[in-house]
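Report on the structure given below.
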Amino acid sequence: MKFQFGFDGVKNAVLEPLKIQHTDADTPFLLSKHLHTIFSKLPTYQPIVIICVGTDRSTGDSLGPLVGSHLNRTTNLRNLHLFGTLDEPVHAMNLAETVDKIHNQFQKPFIVAIDACLGQVSSVGCIQVADGPLKPGAGVNKDLPPVGDIHVTGIVNVGGFMEYFVLQNTRLSLVMNMANIIGDALHSALRRTQSYTPNATAALKFD
485 MKFQFGFDGV KNAVLEPLKI QHTDADTPFL LSKHLHTIFS KLPTYQPIVI ICVGTDRSTG
545 DSLGPLVGSH LNRTTNLRNL HLFGTLDEPV HAMNLAETVD KIHNQFQKPF IVAIDACLGQ
605 VSSVGCIQVA DGPLKPGAGV NKDLPPVGDI HVTGIVNVGG FMEYFVLQNT RLSLVMNMAN
665 IIGDALHSAL RRTQSYTPNA TAALKFD
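Using the working numbering, you'd call the opening residue of the sequence shown number 485 and step up by one each time.
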């Protein structure tokens, strides 16, 4: 399924998935613009929840927690609903519990799932944004619940052979640079979105 959003003044234009190399000069702007286009079409009462999946015990798989910690450290947004940091990662052991917690805490949340992934040699270093849930653990044959209304992934290394070893031997510099770009783009997009107003707390569930 593709996003049926207006984009650049074109009514009902289809917003295609984004795939862009993190080293391109325009990447921060284009990534932020793409995310803001998605967020700006949501109802103002719908909370945006960011879940950063991964673990600090593997260099390649630390992209999600690094994004979460970057947002947690640098953002001054009100009502930033964030799950998954280096201090409190969301990983295979607690992912299902975290997703249940989000749905219990928020009324119809719009979930942005962030994770690292493996891909082709030519795609390493690319950041992707696409519709639909993330399937965490698929690259290393883990059966984990899908999560997210959209997902943002960073291709950190080459897939197809000895995935655990590849993730463990991914360059930290690459992962950190990608995490900073994703974190900054999310912050910029959320800051410009009406959802992040003091009234957004009305979307919380109260028993």
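Backbone N, C-alpha and C define an ideal beta-carbon position, used for all residues, glycine too.
| Check | Outcome |
| --- | --- |
| Beta-carbon proximity of residue 613 to residue 634, cut-off 8 Å | yes |
| Member of 595, 517, 672 and 657 whose CA lies at the smallest distance from the CA of residue 568 | 595 |
| Closest residue to residue 663 among 610, 589 and 620 (Cα-Cα distance) | 610 |
| For residue 548, the first and last residue of its enclosing beta strand (DSSP E) | Looking at the DSSP string, residue 548 is not in any beta strand (DSSP E); the run it does join, the alpha helix (DSSP H), is 547-558. |
| Outcome for residue 523 when other beta-carbon atoms lying within 10 angstroms are tallied against a minimum of 16 | buried |
| Meets three-Cβ-pair contact criterion under 8 Å: the stretch 542-553 and the stretch 636-653 | yes |
| Residue 580 to residue 534 span [Cα, whole Å] | 15 Å |
| Other residues of its chain near residue 665: CB distance less than 8 Å, five sequence neighbours each side excluded | 506, 511, 512, 515 and 611 |
| Coarse secondary structure for residue 603, derived from DSSP in three states | strand |
| Span separating the alpha-carbon of residue 564 from that of residue 532 | 8 Å |
| Proximity test, Cβ basis, 8 Å: residue 634 and chain D | Here there is only one protein chain, and chain D is not present. |
| Alpha carbon of residue 588 to alpha carbon of residue 582, nearest angstrom | 10 Å |
| Buried versus exposed call for residue 446 [16 or more other C-beta atoms within 10 Å across all chains shown] | Only positions 485 to 691 of the chain appear in the structure, and residue 446 is not among them; the question remains open. |
| Contact belief for residue 667 with residue 551 at Cβ below 8 Å, rounded distance in angstroms | 5 Å |
| Spatial distance of residue 648 from residue 601 (CA atoms) | 12 Å |
| Through-space distance from residue 578 to residue 517, alpha-carbon basis | 32 Å |
| Residue 645 - containing beta strand (DSSP E), residue span | Element bounds for residue 645: n/a, residue is neither H nor E. |
| Residue 570 and residue 599 closer than 8 Å at C-beta | no |
| For residue 658, the nearest candidate out of 640, 673, 669 and 670 (CA to CA) | 640 |
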